[in-house]
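Have a look at the structure below before the remarks.
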Amino acid sequence: MKKKKAQLFKRSTKQKKPSNLNSSEASMILNLNSNSPKVIIPKTKSQIPIPQSPLTTISTFLQNSKILTQSFFQIDALDLAPRLLGKFLRRDDVVLQITEVEAYRPNDTACHGRFGITARTAPVFGPGGNAYVYLCYGLHTMLNIVADKQGVGAAVLVRACAPVSGLETIQQRRRQMTEKPVLLAGPGKVGQALGISTEWSNHPLYTPGGLEVLDGPEPEKILVGPRVGIEYASPEDIRASFDKECKICIRPFTVCRWKPGQNARYKKTQICQTCSKLKNVCQVCILDLTYGLPVQARDTAMATGSNEFIPRSDVNREYFYNVYERRNEIGVDCDSSFGKARSNDTMLKLQRTTPYYKRNNAHVCSFYVRGVCKRGSECPYRHEMPITGELSKQNIKDRYFGNNDPVASKLLNMAGEMSSLIPPEDENIKTLYVSEIKNAITEQDLRDHFNAYGEVTSVKMVPRCSCAFVTYLTRAGAEKAAKEFTNILVIKGLKLKLSWSHGGWSRKANMPSIKI
1 MKKKKAQLFK
11 RSTKQKKPSN
21 LNSSEASMIL
31 NLNSNSPKVI
41 IPKTKSQIPI
51 PQSPLTTIST
61 FLQNSKILTQ
71 SFFQIDALDL
81 APRLLGKFLR
91 RDDVVLQITE
101 VEAYRPNDTA
111 CHGRFGITAR
121 TAPVFGPGGN
131 AYVYLCYGLH
141 TMLNIVADKQ
151 GVGAAVLVRA
161 CAPVSGLETI
171 QQRRRQMTEK
181 PVLLAGPGKV
191 GQALGISTEW
201 SNHPLYTPGG
211 LEVLDGPEPE
221 KILVGPRVGI
231 EYASPEDIRA
241 SFDKECKICI
251 RPFTVCRWKP
261 GQNARYKKTQ
271 ICQTCSKLKN
281 VCQVCILDLT
291 YGLPVQARDT
301 AMATGSNEFI
311 PRSDVNREYF
321 YNVYERRNEI
331 GVDCDSSFGK
341 ARSNDTMLKL
351 QRTTPYYKRN
361 NAHVCSFYVR
371 GVCKRGSECP
381 YRHEMPITGE
391 LSKQNIKDRY
401 FGNNDPVASK
411 LLNMAGEMSS
421 LIPPEDENIK
431 TLYVSEIKNA
441 ITEQDLRDHF
451 NAYGEVTSVK
461 MVPRCSCAFV
471 TYLTRAGAEK
481 AAKEFTNILV
491 IKGLKLKLSW
501 SHGGWSRKAN
511 MPSIKI
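Start counting the sequence shown at 1; every next residue gets the next number (full-length UniProt numbering).
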């Protein structure tokens, strides 16, 4: 059944668009989702015939035309789209006849209202019959007519119109002089001819004054075809399962897409769960799930070659992944033979302990980089210059396999250049200051850890401040411990901070008195 529908749409798109849409034999075009379950059959007779003399009888027809009521628009978008063909758009002296439209339902992946109400898409959730105007690429003004009841989020895009009157005004607005009316083939041209902006959103098209939709003759024929430039839109009746291929194994998987915050951009999974488990990395950012590090940095710190057991050829890779998935289904851990990885000092030193929210920022606006973005504060993309240099050469496969990853190289260089604690000039200072101590760490744990580098005379715990003071018998022992534990002091799996204590201990206040 689906193949027949696809063939029907395909045949209809092969027909050429008529050059003169004012003739009585003209066909008007209805663009729908090619996977939509509804098919509109071309009509053979019209209730009101299109006039033979457009310039005279259409003007007479317009004098008797009435503004369409709001109930006309409060139907499903797929039902409203064909009914709009042949109707007239009027603003002052400019009158256009609608010749091509596109329908967008609320559950359509190409509909602006697909993911809820935002500052930009709020008008599309208004009552049927209102205008929804938005900017495309920051340049073109797109006129949509809201369909259905209030809160549904459906609309019909006006793609093309035939000028009926106001030719001089249209030419001034479009800055193009023509001897005769020219078909406005494109929603941007329609917006230019009407002279509208985004401020016209929420304008009721069923009330006199401003922009109006008038009744008009029905066309002789309606050509039904797929929508223009949105091949990415998925069918309404098919789930998102297996709709993309994994960037690593090239096998289909279910993509998850969400918005992490109000001002953040939409994120989606890039690799499948199987590839994610093989490397213990996130499906979105491809960073290690435990330490938040690139694979190359993690494997270098652990001195492992995890790339060797993943085949690259198509046949071997497919067999390898099938075996891995079957073993996971029966509860066998494929990584159990390698043993549990232990915490590494370098990994603990480089790991990110707080969330990196900049990762959720919107992408850089390419139009702003070229200096032509006209959206201003309404632009959903960042108005910043892009990052240049080595960090701009990142890709998913290099990040996953740990090859030529510029972020990992930067982190590893940073780890090698981290300097040790500089001993104070006062030779009498033999006390180290330990901070961020948790309740699980006791005084004996600190003694056992620091005694390996010299004799510890005292350990003063300050639970109120989550810190401690470790005093050595000799200055050499304190310097050796400070050098060894710089940025990598880990006790019971908890990372602590170490520094020299320049002040001392205030017994009276039971508080640390230090200068770091």
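Quick reminder that beta carbons are idealized off the backbone N, C-alpha and C, glycines included. Computed from a predicted model, the values in this text were never measured in an experiment.
Query                                                                                                                    : Result
Contact under 8 Å by Cβ, Ala468 with Lys460                                                                              : yes
Contiguous alpha helix (DSSP H) assignments of at least 4 residues, all confined to the region 149 to 177                : 167 to 174
Asn130 - containing alpha helix (DSSP H), residue span                                                                   : Run containing Asn130: none; DSSP gives neither H nor E here.
Sequence-distant residues of the same chain with beta carbon closer than 7 Å to Met385, five excluded per side           : Val369
beta-carbon Val459 near the ligand FMN non-hydrogen atom, thresh 7 Å                                                     : As for the ligand FMN, it is missing from this structure, which has no ligand bound.
Nonlocal neighbours in the same chain, by C-beta distance under 6 Å from residue 517, ignoring five residues either side : No answer is possible for residue 517: it lies beyond the span of the chain, which begins at 1 and ends at 516.
Stretch pair the region 122 to 142 + the region 182 to 192: three plus CB contacts closer than 8 Å                       : yes
Integer Cβ distance of Val213 from Ile117, believed to fall under 8 Å                                                    : Not confirmed; about 24 Å, so no contact.
Opening and closing residue of the alpha helix (DSSP H) in which Arg447 lies                                             : 443 to 450
Rounded Cβ spacing between Cys272 and Arg251 (contact assumed at less than 8 Å)                                          : 6 Å
Cβ-based burial, Cys275 [other Cβ within 10 Å; buried from 16]                                                           : buried
Sequence-distant residues of its chain with Cβ nearer than 6 Å to Val152 (five each side left out)                       : Pro106
Through-space distance from Lys393 to Tyr321, alpha-carbon basis                                                         : 29 Å
Coarse secondary structure for Thr198, derived from DSSP in three states                                                 : helix
Whole-angstrom C-beta distance between Leu494 and Ala440, which should lie under 8 Å                                     : 7 Å
Nearest-angstrom Cα separation, counted from Cys285 out to Arg359                                                        : 9 Å
CA-to-CA distance, Asp299 to Thr290, given in whole angstroms                                                            : 13 Å
Selected residue, minimal CA-CA separation from Ser71, among Asn130, Lys267, Gly209, Gly402                              : Asn130
Under the three-state DSSP convention, the category Leu84 falls into                                                     : helix
Where Gln283 falls, given that 16 or more other Cβ within 10 Å makes a residue buried                                    : buried
Through-space distance from Lys483 to Ile491, alpha-carbon basis                                                         : 16 Å
Length at least 4, wholly inside the region 353 to 435: the alpha helix (DSSP H) runs in chain order                     : 366 to 369, 396 to 401, 406 to 417
The region 111 to 128 / the region 83 to 92 touching (three or more Cβ pairs under 8 Å)                                  : no
For Trp500, three-class secondary structure by DSSP                                                                      : strand
Cβ pair count under 8 Å reaching 3, the region 168 to 183 against the region 403 to 410                                  : no
Integer-rounded CB distance, given that Cys365 should sit under 8 Å from Arg352                                          : About 27 Å separates the two Cβ atoms, so there is no contact after all.
Residue closest to Glu455, alpha-carbon to alpha-carbon, out of Cys465, Arg464, Lys480                                   : Lys480
Other residues of its chain near Thr431: CB distance less than 6 Å, five sequence neighbours each side excluded          : Phe469, Thr471, Ser501
Span of the beta strand (DSSP E), counted from its first residue to its last, around Gln97                               : 94 to 104
Gly186 versus Pro127, Cys136, Ser313, residue with shortest Cα-Cα distance                                               : Cys136
Simplified DSSP assignment, three categories, for Tyr472                                                                 : strand
Residues that DSSP places opposite Cys275 in a beta bridge                                                               : Its beta-bridge partners do not exist; DSSP assigns none.
Span separating the alpha-carbon of Lys438 from that of Val462                                                           : 11 Å
In DSSP terms, what Arg90 is bridged to                                                                                  : Val95, Glu212
CB-CB length for Ile396 against Gln270, believed under 8 Å                                                               : 6 Å
Ala147, enclosing beta strand (DSSP E) - first and last residue                                                          : 140 to 147
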